[in-house]
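So the sequences go chain by chain: Z and U. Last residue of the first sequence? That's 198 in full-length UniProt numbering, and every number before it is there in order. Last residue of the second sequence? That's 198 in full-length UniProt numbering, and every number before it is there in order.
There are 2 protein chains.
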Amino acid sequence: MTTDSSAEESPSRGKRADAQRNRQTVLAAAAEVFVTSGVDAPIRQIAAQAGVGMATIYRHFPTRADLVTAVYRHQIEACAEAGPNLLASAGSPLDALRQWIDLFVDFLVTKHGLADALQSDNDRFAALHAYFLDRLLPVCTQLLDAAVEADDIRPGTQPYELMRGIGNLCIGSDNDPRYNPRRLITLLLQGLQRPHGS
Amino acid sequence: MTTDSSAEESPSRGKRADAQRNRQTVLAAAAEVFVTSGVDAPIRQIAAQAGVGMATIYRHFPTRADLVTAVYRHQIEACAEAGPNLLASAGSPLDALRQWIDLFVDFLVTKHGLADALQSDNDRFAALHAYFLDRLLPVCTQLLDAAVEADDIRPGTQPYELMRGIGNLCIGSDNDPRYNPRRLITLLLQGLQRPHGS
DNA sequence: GACAAAGTGGAGCATCGCTCCGGATACTAA
DNA sequence: TTAGTATCCGGAGCGATGCTCCACTTTGTC
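And the structure:
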């Protein structure tokens, strides 16, 4: 993480120049298409937007999950890195947890269909699911542990289950003013708080 | 509800005998296929299982939601009717709400992919969504209101949002021992309970 | 400039949703 | 019983999509 241009990931280093160029073109096209058509957009459409053949996309990103992961990689990293920072800056571990979950929810609800894809029972997105877990589960665990340690919330909650639940609650939150996942997540966190009497 | 044979719904009364027979055949085949392949199973597969052509299925059940609705109609009705009964038999309105939600969750998690379908952002299942709301939302509202009235839970919760959230939490709960939606739903209900001090 | 390795594009196959229409079937009237 | 007709049925067929395969092109190197 020294310069911006080194943000090119290993998959493109050492490859031919045209291959690297195409990789970036596809990434940009996919990002654009995802905004309007969701992460389930036809590969053909992304290929057309990028001006390349379908095979080029499949070569660089064997599964759809690889493509989605690459497109949102930076934002996922940012979310992961925000965890420890919040723990240091927030008033309490519980506040840090709250704010981090807010970030996570922000990320999910602004990507059309991403939450749906994450929890999809078909395993087309298994790799994406794995990547999310890899990067975010440790952060969530740390925040949860800190909150338990500070006696803010009751112990015993599984981080995986919590993250999965939050992701699930974000599904389909677009275009339905009657459904706001944040309210339910607030409720969930309230249920998590230790009853100070017992 | 006088005899079993009167369980035939209006869509099949007054039709030709073979049409009624086919309708039942398709329903049975769909129920069977849904168990193994989920509610997203290809129409061709259901047609093959029933030994009829695809057009026959589309004729009787124009949309997939119509078919799913017909298959699970009785169970949805049973869930709807259980609401008032629980309110009468349970120790408190909150207990009734808890037990009813338990029934609802039971129904959702035992149908492969049904929860997913319910909240799907594509509107292939819009009619199913509507039917669920039609039958269950009033029941949920009644239970929620009773619990608020009894001072068991805080006021202000939207029944639609709660049901939607519970449905979302049930998504993808098959084949993942690490994820149990019931634990999260318990947490949610705990957050719903009125803090007795304030 | 020639050569091999690496990369590319789109035709092609399979699957699935949904429609369309020639033919089969069940009721009815004589 | 036998036509006659309204109703119903089956599966071929079309368009969309995921993914693969391979002849052709481009790049880097000697």
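Glycine included, C-beta positions come from ideal geometry on N, C-alpha and C.
Under DSSP, the alpha helix (DSSP H) around residue i begins and ends at which residues?
i	result
Asn168 (chain Z)	Pro159 to Leu169
Asp134 (chain U)	Ala126 to Glu149
Asp40 (chain Z)	Asp40 (chain Z) -> no alpha helix (DSSP H), and no H or E assigned at all.
Asn85 (chain Z)	Arg64 to Ser89
Phe104 (chain Z)	Pro93 to Val109
residue 285 (chain Z)	There is simply no residue 285 (chain Z) to check, as chain Z begins at 1 and stops at 198 in what is shown.
Arg59 (chain U)	Met54 to His60
Gln119 (chain Z)	Leu114 to Gln119
Report the option in the options whose CA atom is closest to the CA atom of residue i.
i	options	result
Ala80 (chain Z)	Z:Tyr131, Z:Val148 and Z:Gln158	Z:Tyr131
Ala115 (chain U)	U:Asp174, U:Leu67, U:Pro42 and U:Gln193	U:Asp174
Val139 (chain U)	U:Gln119, U:Glu149, U:Gly156 and U:Tyr160	U:Tyr160
Lys111 (chain U)	U:Ser37, U:Thr63 and U:Asp151	U:Ser37
Pro11 (chain Z)	Z:Pro62, Z:Ala78 and Z:Val105	Z:Pro62
Asn22 (chain Z)	Z:Val35, Z:Asn168 and Z:Arg59	Z:Arg59
Gln119 (chain U)	U:Leu86, U:Gly167, U:Arg73 and U:Ala78	U:Gly167
Leu162 (chain Z)	Z:Val39, Z:Trp100, Z:Ala31 and Z:Asp176	Z:Trp100
Tyr72 (chain Z)	Z:Ser89, Z:Ala31, Z:Asp102 and Z:Ala96	Z:Ala31
Asn122 (chain U)	Z:Ala90, Z:Asp40 and Z:Cys170	Z:Asp40
Leu187 (chain Z)	U:His74, U:Tyr179 and U:Gly165	U:Gly165
Asp113 (chain U)	U:Phe34, U:Lys15 and U:Arg16	The sequence given here has Gly at residue 113 (chain U), not Asp. It is U:Phe34 whose Cα lies nearest to the Cα of Gly113 (chain U).
Does residue i have its Cβ less than 9 angstroms from a Cβ in chain U?
i	result
Ile46 (chain Z)	no
Ile43 (chain Z)	no
Gln99 (chain Z)	no
Asn168 (chain Z)	yes
Leu188 (chain Z)	yes
Leu192 (chain Z)	yes
Arg135 (chain Z)	no
Gly165 (chain Z)	yes
Glu161 (chain Z)	yes
Asp174 (chain Z)	yes
Leu184 (chain Z)	yes
Indicate whether at least one CB of chain Z lies closer than 9 angstroms to the CB of residue i.
i	result
Tyr131 (chain U)	no
Gly51 (chain U)	no
Thr141 (chain U)	no
Pro181 (chain U)	yes
Arg178 (chain U)	yes
Asn85 (chain U)	no
Thr36 (chain U)	no
Asp151 (chain U)	no
Gln158 (chain U)	yes
Ile171 (chain U)	yes
Asp102 (chain U)	no
Could you name the residues of the same chain whose beta carbon sits closer than 6 angstroms to that of residue i, not counting the 5 residues immediately before and after it, in chain order?
i	result
Pro93 (chain Z)	Ala146, Ala147, Ala150 and Asp152
Leu128 (chain Z)	Ala65, Val68 and Thr69
Arg98 (chain U)	none
Arg135 (chain Z)	Ile76 and Ala80
Ala29 (chain U)	Ile46, Gln49 and Ala50
Leu103 (chain Z)	Cys79 and Ala82
Phe125 (chain Z)	Ala65 and Ala117
In chain order, what residues of the same chain lie with their CB nearer than 7 angstroms to the CB of residue i, ignoring the 5 residues before and after it?
i	result
Thr2 (chain U)	Legend: pLDDT at Thr2 (chain U) = 34, less than 50; position of this residue unreliable, value from coordinates given subsequently. No residues qualify anywhere along the chain.
Arg183 (chain U)	none
Leu192 (chain Z)	Ile153, Arg154 and Thr157
Ile43 (chain Z)	Met54 and Ile57
Val52 (chain Z)	Asn22, Thr25 and Val26
For residue i, which residues in the same chain have their Cβ closer than 8 angstroms to its Cβ, ignoring the five residues on either side in sequence?
i	result
Gln142 (chain U)	Gly83, Pro84 and Leu87
Arg194 (chain Z)	Asp151, Asp152, Ile153 and Arg154
Cys170 (chain U)	Val105, Leu108, Val109, Ala115 and Pro181
Tyr179 (chain U)	Gly172 and Ser173
Leu144 (chain U)	Leu97, Ile153, Thr157, Pro159 and Leu162
Leu137 (chain U)	Pro159, Tyr160 and Met163
Next item on the list: Mind checking the segment 107–127 of chain Z against chain U and listing, in chain order, the residues whose C-beta falls within less than 7 angstroms of any C-beta there?
Entry: With the criterion set as a beta carbon lying under 7 angstroms from some beta carbon of chain U, the members of the segment 107–127 of chain Z are Gly113, Asp116, Gln119 and Asp121, in sequence order.
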